[in-house]
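**Q** Just so it is clear: in the sequence shown, position 70 is 69 by numbering that gives the first Met the number 0, and no numbers are missing.
All C-beta atoms, glycine included, are put in the ideal place defined by N, C-alpha and C.
This is the structure I want to talk about, given as structure tokens.
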Amino acid sequence: MNNLRMMIATGLLLGMGVAVADDAAAAVHCHDRVVYRERPVQDHDRVVGTVAGAVIGGVIGHQFGGGNGKTLATVGGAAAGGYAGNQIQKSHQHRRYRTVERVCTHD
Numbered sequence: 000m001n002n003l004r005m006m007i008a009t010g011l012l013l014g015m016g017v018a019v020a021d022d023a024a025a026a027v028h029c030h031d032r033v034v035y036r037e038r039p040v041q042d043h044d045r046v047v048g049t050v051a052g053a054v055i056g057g058v059i060g061h062q063f064g065g066g067n068g069k070t071l072a073t074v075g076g077a078a079a080g081g082y083a084g085n086q087i088q089k090s091h092q093h094r095r096y097r098t099v100e101r102v103c104t105h106d
């Protein structure tokens with residue numbers, strides 16, 4: 000009985016050793032890969048930037064002038080602020096971005 004147990008234990012140990020050796024022989028090669036992706040633009044017309052800029056520009060313009068001059072300054076400030084807000088949002092809407100992915104292959 001002891002001999003049978005010893006043979007089974009030895010066989011199991013040898014079998015596990017072979018399995019470990021086979022797994023160790025499989026080499027894994029990894030490298031980083033740069034990937035460029037496209038981000039969907041949600042506000043194509045840049046409405047948020049235009050409106051925010053117009054409001055801020057109008058408030059600032061309203062601080063200047065008097066009578067018709069105040070009205071003209073408010074309208075001018077709103078127009079300039081709207082344009083500036085539109086351009087600022089445009090510069091921040093980068094559709095393309097870069098990411099790095101780890102890629103591994105087994106031999």
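1. Going by other Cβ atoms of all chains shown within 10 Å of its Cβ, with 16 needed for buried, is A25 buried or exposed?
2. Is the separation between the beta-carbon of T104 and that of H43 shorter than 8 Å?
3. Give a yes or no on contact between the stretch 87-104 and the stretch 53-67, applying the rule of three or more CB pairs nearer than 8 Å.
4. Counting C-beta neighbours from all protein chains within 10 Å, is the total for T73 16 or more, i.e. buried, or is it exposed?
5. If the criterion is Cβ atoms closer than 8 Å, does the pair A83 and G57 meet it?
6. Hey, G75 and T49: beta-carbon distance below 8 Å or not?
7. Determine whether the beta carbon atoms of V40 and Q92 lie at a separation below 8 Å.
8. Determine the DSSP secondary structure at V33, reduced to helix, strand or coil.
9. With a threshold of 16 other CB atoms inside 10 Å of the CB of V19, please say whether the residue is buried or exposed.
10. Could you name each continuous alpha helix (DSSP H) segment of 4 residues or more that falls completely within the stretch 38-74, going from the start of the chain to the end?
**A** Taking the geometry as given:
1. The sequence position of residue 25 within the sequence shown is 26, counting from 1. By the C-beta density criterion, A25 is exposed, having fewer than 16 other C-beta atoms within 10 angstroms.
2. For the purposes of this step, residue 104 is identified with residue 105 of the sequence shown, where counting begins at 1. For the purposes of this step, residue 43 is identified with residue 44 of the sequence shown, where counting begins at 1. Cβ atoms of T104 and H43: not closer than 8 Å.
3. As far as the Cβ criterion goes, the stretch 87-104 does not touch the stretch 53-67, which means the pair count is below three.
4. Here residue 73 is taken as the residue at index 74 of the sequence shown, counted from 1. T73 sits buried, since 16 or more C-beta atoms from the chains shown fall within 10 Å of its C-beta.
5. Locating residue 83 in the sequence shown gives position 84, counting from the first residue. Locating residue 57 in the sequence shown gives position 58, counting from the first residue. Not closer than 8 Å, so no.
6. Numbered from its first residue, the sequence shown carries residue 75 at position 76. Numbered from its first residue, the sequence shown carries residue 49 at position 50. No; because the gap between Cβ atoms is not below 8 Å, this pair is not in contact.
7. Along the sequence shown, read from residue 1 onward, the residue named residue 40 stands at position 41. Along the sequence shown, read from residue 1 onward, the residue named residue 92 stands at position 93. The beta carbons of V40 and Q92 sit closer together than 8 Å.
8. Counted from its first residue, the sequence shown places residue 33 at position 34. Shown here, V33 sits in a strand according to DSSP, grouped into three states.
9. In the sequence shown, residue 19 corresponds to position 20, counting from 1. Any reading at V19 needs caution, since the residue's pLDDT is 46, under 50, leaving its predicted position unreliable; the model's value is listed next. Exposed, by the Cβ-count rule.
10. Complete alpha helix (DSSP H) runs here, min 4: 46-60.
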